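> Quick mapping for you: the protein sequence lines, in order, are chains A and B. Quick note: the first sequence uses UniProt numbering, first residue 1, plus one each step. Quick note: the second sequence uses UniProt numbering, first residue 1, plus one each step. The C-beta atom is built at its ideal place from N, Cα and C for all residues, glycine as well. Fair warning: this is a prediction, and the values are worked out from it, not measured in the lab.
Protein chains: 2
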Amino acid sequence: MTKPFNHVAIIGLGLIGGSIGLATQAALPEARVTAFDASEDVRDRARQIGLAHEIMDTPAAAVDGADLVVLCVPVRAMGEAAAALKGALKPDAIISDVGSCKASVAEAITAALPGQTVIPAHPVAGTEHSGPDAGFAELFRNRWCILTPADDAPAAAVGQLSDFWAAMGARVEIMEAKHHDLVLAVTSHVPHLIAYTIVGTASDLEDVTRGEVIKYSAGGFRDFTRIAASDPTMWRDVFLSNKEAVLEVLQRFSEDLSALQRAIRWGDGDTLFDRFTETRAVRRSIIEEGQDDARPDFGRRDHSGAAKDQPPKN
Amino acid sequence: MTKPFNHVAIIGLGLIGGSIGLATQAALPEARVTAFDASEDVRDRARQIGLAHEIMDTPAAAVDGADLVVLCVPVRAMGEAAAALKGALKPDAIISDVGSCKASVAEAITAALPGQTVIPAHPVAGTEHSGPDAGFAELFRNRWCILTPADDAPAAAVGQLSDFWAAMGARVEIMEAKHHDLVLAVTSHVPHLIAYTIVGTASDLEDVTRGEVIKYSAGGFRDFTRIAASDPTMWRDVFLSNKEAVLEVLQRFSEDLSALQRAIRWGDGDTLFDRFTETRAVRRSIIEEGQDDARPDFGRRDHSGAAKDQPPKN
Ligand SMILES: NC(=O)c1ccc[n+]([C@@H]2O[C@H](COP(=O)([O-])OP(=O)(O)OC[C@H]3O[C@@H](n4cnc5c(N)ncnc54)[C@H](OP(=O)(O)O)[C@@H]3O)[C@@H](O)[C@H]2O)c1
Ligand SMILES: NC(=O)c1ccc[n+]([C@@H]2O[C@H](COP(=O)([O-])OP(=O)(O)OC[C@H]3O[C@@H](n4cnc5c(N)ncnc54)[C@H](OP(=O)(O)O)[C@@H]3O)[C@@H](O)[C@H]2O)c1
Chain A
1 MTKPFNHVAI IGLGLIGGSI GLATQAALPE ARVTAFDASE DVRDRARQIG
51 LAHEIMDTPA AAVDGADLVV LCVPVRAMGE AAAALKGALK PDAIISDVGS
101 CKASVAEAIT AALPGQTVIP AHPVAGTEHS GPDAGFAELF RNRWCILTPA
151 DDAPAAAVGQ LSDFWAAMGA RVEIMEAKHH DLVLAVTSHV PHLIAYTIVG
201 TASDLEDVTR GEVIKYSAGG FRDFTRIAAS DPTMWRDVFL SNKEAVLEVL
251 QRFSEDLSAL QRAIRWGDGD TLFDRFTETR AVRRSIIEEG QDDARPDFGR
301 RDHSGAAKDQ PPKN
Chain B
1 MTKPFNHVAI IGLGLIGGSI GLATQAALPE ARVTAFDASE DVRDRARQIG
51 LAHEIMDTPA AAVDGADLVV LCVPVRAMGE AAAALKGALK PDAIISDVGS
101 CKASVAEAIT AALPGQTVIP AHPVAGTEHS GPDAGFAELF RNRWCILTPA
151 DDAPAAAVGQ LSDFWAAMGA RVEIMEAKHH DLVLAVTSHV PHLIAYTIVG
201 TASDLEDVTR GEVIKYSAGG FRDFTRIAAS DPTMWRDVFL SNKEAVLEVL
251 QRFSEDLSAL QRAIRWGDGD TLFDRFTETR AVRRSIIEEG QDDARPDFGR
301 RDHSGAAKDQ PPKN
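1) With a cut-off of 8 angstroms, do at least 3 Cβ pairs link the segment 158 to 170 of chain A to the segment 21 to 39 of chain A?
2) By the criterion of Cβ-Cβ separation under 7 angstroms, what are the contact partners of B:Asp-256 in chain A?
3) Look at B:Ala-121 and B:Ser-104 and say whether their C-beta atoms are less than 7 angstroms apart.
4) A:Gly-79: which of A:Ala-112, A:Asp-41 and A:Leu-184 sits nearest, CA to CA?
5) Between A:Asp-29 and chain B, is any beta-carbon pair separated by less than 7 angstroms?
6) So, are the CB atoms of A:Gly-220 and B:His-192 less than 7 angstroms apart?
7) Please report whether the beta-carbon of A:Ala-108 lies at a distance below 7 angstroms from any beta-carbon of chain B.
8) Given a threshold of 16 other Cβ atoms within 10 Å of its Cβ, counted over all protein chains shown, does B:Gln-48 qualify as buried or as exposed?
9) Show which residues of chain B have a CB atom less than 8 angstroms away from the CB atom of A:Ala-228.
10) Measure the alpha-carbon distance for B:Ile-287 versus A:Ala-134 and round it to whole angstroms.
11) Select from B:Arg-236, B:Asn-242, B:Arg-226 and B:Ile-227 the residue whose C-alpha is nearest the C-alpha of B:His-179.
12) Between the beta-carbon of A:Val-124 and the beta-carbon of A:Arg-143, is there less than 7 angstroms?
13) Counting only the same chain and skipping the five closest in sequence on each side, list residues whose C-beta sits under 8 angstroms from that of A:Asp-309.
14) Since A:Asp-97 sits in a beta bridge, which residues does DSSP pair it with?
15) From A:Ile-146 to A:Glu-248, what distance separates their C-alpha atoms?
16) I'd like to know whether the C-beta of B:Trp-165 is nearer than 7 angstroms to at least one C-beta of chain A.
17) Within the chosen definition, does the segment 195 to 211 of chain A reach the segment 267 to 279 of chain B through at least 3 CB pairs nearer than 8 angstroms?
18) Examine ligand 2 and report whether any of its heavy atoms sits within less than 6 angstroms of the Cβ of B:Pro-74.
19) Work out the CA separation of A:Lys-86 and A:Val-199 for me, nearest whole Å.
20) Could you list which residues in chain B have their beta carbon closer than 9 angstroms to that of A:Gln-291, in chain order?
21) What whole-angstrom Cβ distance do A:Ser-130 and A:Leu-15 have, given they're in contact under 8 angstroms?
22) Give the single residue among A:Val-63, A:Met-56 and A:Ile-10 whose Cα lies nearest to the Cα of A:Val-98.
23) Is there contact between the segment 205 to 222 of chain B and the segment 182 to 189 of chain A, where contact requires at least three CB pairs shorter than 8 angstroms?
24) Could you check how far apart the C-beta atoms of B:Leu-272 and B:Leu-260 are, in whole angstroms? I think they sit under 8 angstroms.
25) Between A:Ile-227 and ligand 2, is there a pair consisting of the residue's CB and a ligand heavy atom that are separated by less than 6 angstroms?
26) Taking DSSP as the reference, what is the three-state secondary structure of B:Leu-13?
27) Using a Cβ-Cβ cut-off of less than 8 angstroms, give me the residues of the segment 45 to 61 of chain A that come near chain B, in sequence order.
28) Do A:Thr-201 and B:Arg-252 count as a contact pair if the criterion is CB distance below 7 angstroms?
29) Identify the contact partners of A:Val-124 in chain B, using a Cβ-Cβ distance below 9 angstroms as the criterion.
30) Ignore the nearest five residues each way along the sequence and tell me which others in B:Ala-156's own chain have a CB closer than 8 angstroms to its CB.
31) Quick one: complete beta strand (DSSP E) runs, 3+ long, within the segment 160 to 189 of chain B?
32) What distance in whole Å lies between the Cβ atoms of B:Ser-100 and B:Ser-188, which are believed to be in contact at a cut-off of 8 angstroms?
33) How many Å lie between B:Ala-35 and B:Glu-244 at the Cα?
34) Considering only the alpha carbon of each residue, which of B:Arg-275, B:Glu-54, B:Val-63 and B:Ala-228 lies closest to A:Asp-204?
35) For a test of your reading of the model: does the CB of B:Ala-77 fall under 6 angstroms from any non-hydrogen atom of ligand 2? Yes or no.
36) Might you give, ordered along the chain, the residues of its own chain that have their beta carbon closer than 6 angstroms to the beta carbon of A:Leu-68, omitting 5 neighbours on each side?
Right, here's the structure in full:
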């Protein structure tokens, strides 16, 4: 067990920063938690709901004396947020972040804060909500947090940050930044792009009204709308920052979709059946991994509220 | 209020047929419910869990004396299931079904049972599970059920079937079969095809292991795996039976995806931001319509079970 951090500073108090603030206060009661957000409204709200012990009006004041600084701003704001800390940091403070892309973020932070120890991280946990009211202390429990330290990162610092995330309830994994970006392109970035696309396509059809799309969404579409309700700024930044991996996975997806399209066109039921059978195995593994639960519909069985308390069937 | 059915027969006792059996027994205690399924195992199981008052060993015995027969088999088995009832039906029995496509199913049933009153229907409700154990009586509550009667269908029969579905808890809508097939292509069929595709793409990548895909699925991918765990037979049939509308919507989707792909390639953040902003409105409307709930993550906030009983935040 490494030495826990005495003072954690959080920059950006949205869903992720707010959740870290709450989780740190709950899990590390000895640690002081300070924070800053660029928006005055967010700072006010954060004070009301206690996302940190103290919310400062400048980034420099927030990181003063901190051992760990976690940047929780949109991916393309990381460089600027880091630059604002220059001169205000303890020399041995560890700088980390929670950005959804790692290679570009690591580069931006390192360039803005030369000489400082930078250990990028990405907690793979989230909801479609954002802002200071969206956070909750349990967000990271049983979720993975991926650390992408550079080859020359000090092992002690990596160990300290791993323990911090373990204290948040997360399971920690170490990975190369570039590999992280490819894995997340598949498991998160491209799924989001596809969801945004199909929701847009549905809204734009001439022969089907938007009212009809909304009414009959229970057939599968509503899951896509949930994903496509995620924050536009965050996701614009993700796609621009992880361009290469996203485009590579998209290319593969388009080829695979064409193959199924062809099977439909030519009435090739066997190809469809085989493909649909393969994908079930993936679902089973995810449930076994504990990354989801097997209740059909995730409790949406409470179609009228009445069935809410029934035990899961599977 | 029309005369309720005295005797309802169900052919096919999977998720939908089983749910109708349970819901009818609960909502219409005066009605007799009989049923048949092609599989002996399913019939045995259905008897154990009481999906109907009596489970018969032949289709003819199941529909003997019934006023309403509901076919609940895969879309491309509808014609055969209907043909098996020939000669066993009361002349004034109403034949309905629950198939996910309507034009092709209406044609198959009408051809198999000339002279019989056929009123096709589609309850827009489901889960990714199938089989006799998947059913539950509340499945249709507050969900839409779309009836697609032919122009010359007797109004009294349409009214009786509407009341039946209202008794199941559903909200009933009347629509042309062809229009139904286009609407559902958008809200259900194409989303399923896309989900099957991306889960397949992810499983096949060389540089990302399947274990990694599964571990980091919480980033968005797991919602797709749930959809892609749906029954392969059912979905093969849907795509083959609603080919035209599915291919039309797929074409539009591919064009829209290409546009976003181009925006990423050229770093056009404004196009991405605008598109992502538009899609949020659709989500809000679905929640207002009551077709989903606003809790982030649908109760998956119980990352460790502990937060399970917290009230929704939004
Ligand atoms: N949401 C998820 O599911 C998820 C999951 C894992 C990781 N992440 C990553 O976590 C980071 C934050 O995401 P989030 O969902 O928490 O976003 P969020 O709820 O929108 O919060 C971001 C906050 O940062 C503030 N901010 C922006 N630029 C700033 C700056 N230069 N200095 C200080 N504050 C600044 C924003 O203020 P304004 O409102 O004034 O812009 C906003 O309050 C992103 O990098 C994202 O990629 C998100
Ligand atoms: N699942 C959904 O989300 C959903 C939603 C709305 C509508 N639907 C529609 O509802 C229908 C049934 O779907 P489901 O999910 O309930 O499927 P399911 O759980 O797979 O049940 C279908 C049952 O029908 C049996 N069957 C097949 N051919 C038959 C025949 N000729 N005669 C008698 N029984 C036969 C099957 O037996 P075997 O196992 O021996 O094949 C099986 O037990 C499909 O048309 C589907 O499009 C489904």
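Quick answer:
1) Short answer: they touch.
2) Result: Thr-197, Gly-200 and Thr-201.
3) It is not a contact, given that the beta carbons lie outside the stated cut-off.
4) Out of A:Ala-112, A:Asp-41 and A:Leu-184, the CA that lies nearest to the CA of A:Gly-79 is found in A:Ala-112.
5) Checking the sequence, you will find Pro at residue 29 of chain A rather than Asp. Interface annotation, A:Pro-29: not in contact with chain B, CB-CB separation never under 7 angstroms.
6) Against a cut-off of 7 angstroms, the Cβ pair of B:His-192 and A:Gly-220 comes out as a contact.
7) No, A:Ala-108 does not count as interfacial toward chain B.
8) Sixteen is the threshold: since fewer than 16 other Cβ atoms of the shown chains lie within 10 Å of the Cβ of B:Gln-48, the residue is exposed.
9) Here the neighbours are Phe-276, Thr-279, Arg-280, Val-282 and Arg-283.
10) Rounded to the nearest angstrom, the two C-alpha atoms are 17 angstroms apart.
11) Ranking the options by Cα distance to B:His-179, first place goes to B:Asn-242.
12) The criterion of a C-beta distance shorter than 7 angstroms is satisfied by A:Val-124 and A:Arg-143.
13) Bear in mind that the predicted position of A:Asp-309 carries a pLDDT of just 30, short of 50, making it unreliable; the figure below should be weighed with that in mind. Excluding positions up to five away in sequence, the list is empty.
14) Partner(s): A:Leu-71.
15) If I take the Cα positions, the gap works out to 22 angstroms.
16) With 7 angstroms as the cut-off, B:Trp-165 does not count as an interface residue toward chain A.
17) Taking a cut-off of 8 angstroms on C-beta distances, the segment 195 to 211 of chain A touches the segment 267 to 279 of chain B, as three or more cross pairs fall below it.
18) Under cutoff, so the answer is yes.
19) For A:Val-199 and A:Lys-86, the distance between alpha carbons rounds to 42 angstroms.
20) The contacting residues are Ile-214, Lys-215, Tyr-216, Ser-217, Ala-218 and Arg-222.
21) For A:Ser-130 against A:Leu-15, the beta-carbon gap comes to about 5 angstroms, under 8 angstroms, which counts as contact.
22) Minimum Cα distance to A:Val-98 is reached at A:Ile-10.
23) By the C-beta criterion, the segment 205 to 222 of chain B is judged to be in contact with the segment 182 to 189 of chain A, since at least 3 inter-stretch pairs fall below 8 angstroms.
24) Contact between B:Leu-272 and B:Leu-260 holds, with the beta-carbon distance rounding to 7 angstroms and staying under 8 angstroms.
25) No, Cβ of A:Ile-227 sits at least 6 angstroms from all heavy atoms of ligand 2.
26) When DSSP states are grouped into helix, strand and coil, B:Leu-13 belongs to the coil group.
27) Of all residues in the segment 45 to 61 of chain A, none has a C-beta nearer than 8 angstroms to a C-beta of chain B.
28) Contact flag set, yes.
29) Correct list: Lys-215, Tyr-216, Ser-217, Ala-218 and Gly-219.
30) The residues are Thr-2.
31) Fully enclosed beta strand (DSSP E) runs of 3 or longer: 171 to 174.
32) Yes, B:Ser-188 and B:Ser-100 are in contact; Cβ-Cβ is about 7 angstroms, under 8 angstroms.
33) If you take the alpha carbons of B:Ala-35 and B:Glu-244, they lie about 33 angstroms apart.
34) Out of B:Arg-275, B:Glu-54, B:Val-63 and B:Ala-228, B:Arg-275 has the C-alpha closest to the C-alpha of A:Asp-204.
35) Yes, the beta carbon of B:Ala-77 sits closer than 6 angstroms to at least one heavy atom of ligand 2.
36) Non-local C-beta neighbours of A:Leu-68 in its own chain, meaning closer than 6 angstroms and more than five positions away in sequence, comprise Phe-5, Val-8 and Ile-94, ordered along the chain.
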